[in-house]
Amino acid sequence: MKAWLSILIIPALSGGSGQAEAVAPGLPAVQTEEIILSVDEWNVPWDDSWSRDPYVGPDGIVYFVGQRAHYVGWFDPETEEFGYHDLEEGTGPHNVLVIEEGTAWYTALRSHHIGRVDVPSGEITRFTLEDELIGPHTMALDRHGNFWFSAYGGNGVGHFNVATGEIRGVRVPTDRSRPYGIVMSPDGERPWVSLFGTNKIATVDPETMELEEIVLPREEIRPRRLNITSDGNVWYGDYAGGIIGRYNPADGSITEWDMPQGPEAAPYAVLVDDRDRLWLSASGLNPNSLVAFDTRAEAFTASVEIETGRGAIRNMVFDAETRSIWFGTDTGHIGRVRIN
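Going by my numbering, the first residue of the sequence shown is number 16, and it counts up by one from there.
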């Protein structure tokens, strides 16, 4: 299915629940031209629910997982053809990552392993996880070609060496912190993690594996996912409050803004594009909307309703080559938003 959806441009709607700093001189003003060019959605032909966490491979193929149907799938945007490899029943794949063409890595949230799929043959290699690394959730690729992952079930954060298969891990000191979203610092060295069961985010020293927790300003904050702009600032979505926040690691300051959709927005997926714009899925709306926030001008600038986004859009990826945001929906669709 392909669809053209209505677009709303929100001119310079800014301000929030924190004291925002003034925009620095020389930064561009909020763009007034159309930000969102088009929205396309395709029905996954064999899926009944939860096509999620797309990732664009080096060859332009879009990989994703079926959390409830237990598969690793792919989609060719040029031919609009789908393919997949089945995983064992009960795997519960949650996230997929493609480092080199022909090989897909996935997290098995329910069966507690990291898996590698040879796409041409369908051969699967499993790396079993234990203790603080059970329930692997989301992966983030570092600059060395290895990846970090959040361990939702084990209350930890892990590092996987792709060449050797070595796995390192660290437990989060706060019990039941529910490590969730994970992204890398701009230099690709240090992971940042949202602790969804708390009002905290965390980071890990890649050399010492020492984990530092950062307490966010309100007890009721629940940061589900996060992302990082090129200046090193960490941005999180407060799923419980309909708020986005910015943590500055340089001085420890935190600033927050209310989303235009209000407390019911429930920001879930959090994405940063190559112009340092923040894109959030307002998963509390039915259907979901994607909302853009210009982090330099500190203003909400656009919103688009996603027709098939019922339930939740859980994660998104930005493909700089095609200037596209890719997402999956609980209703069994893969979607693309083309942006300026």
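Positions of the beta carbon are idealized from the N, C-alpha and C atoms, including for glycine.
Check whether the Cβ atoms of residue i and residue j sit closer than 8 Å, and answer yes or no.
i    : j    : result
V87  : Y121 : yes
V306 : T244 : no
R292 : T310 : yes
S304 : A281 : no
G256 : I236 : yes
E56  : G350 : yes
I197 : Y262 : no
H152 : L124 : yes
F211 : P188 : no
D334 : S64  : no
I328 : Y283 : yes
I51  : I354 : yes
D68  : H109 : yes
F315 : P278 : no
T367 : P206 : A query on residue 367 cannot be resolved here, the shown segment of the chain reaching from 16 to 355 and no further.
R240 : V285 : yes
E96  : H85  : no
Q82  : G107 : yes
N214 : D190 : no
G173 : E116 : no
H127 : G150 : yes
G343 : S66  : yes
W294 : M331 : yes
Taking DSSP as the reference, what is the three-state secondary structure of residue i?
i    : result
P278 : helix
R311 : coil
T47  : Note that T47 has pLDDT 33, beneath the 50 cutoff, so the model's placement of it is unreliable and the number below is only indicative. It is coil, neither helix nor strand.
F90  : strand
A84  : coil
I76  : coil
R233 : coil
S268 : coil
T213 : coil
M199 : strand
W65  : coil
D246 : coil
E222 : coil
D273 : strand
S192 : coil
R186 : strand
V54  : strand
P206 : strand
E228 : strand
G256 : coil
V71  : strand
P238 : strand
Since residue i and residue j should fall inside the 8 Å C-beta cutoff, what is the C-beta to C-beta distance between them, to a whole number of angstroms?
i    : j    : result
E5   : A166 : Since the first and last residues shown for the chain are 16 and 355, residue 5 lies out of range.
F79  : V54  : Contact flag wrong, Cβ pair sits at about 17 Å.
I129 : G160 : Actually they are not in contact, since the Cβ atoms of I129 and G160 sit about 15 Å apart, beyond 8 Å.
V77  : H348 : Contact flag wrong, Cβ pair sits at about 12 Å.
Y251 : S318 : Between S318 and Y251 the Cβ distance is about 19 Å, and since that is not below 8 Å, they are no contact.
key: Continuous alpha helix (DSSP H) assignments of at least 4 residues falling wholly in the segment 126-177   = none
message = Closer than 8 Å is the cut-off here; do at least three beta carbon pairs connect the segment 153-163 with the segment 135-143?
response = no
Completely contained beta strand (DSSP E) runs for the segment 283-355, where each covers 3 or more residues = 292-297, 304-309, 314-320, 331-334, 339-343, 348-354
inquiry  = Which runs of the beta strand (DSSP E) at least 3 residues long sit entirely within the segment 94-123? Give them in chain order.
reply    = 96-101, 108-112, 118-123
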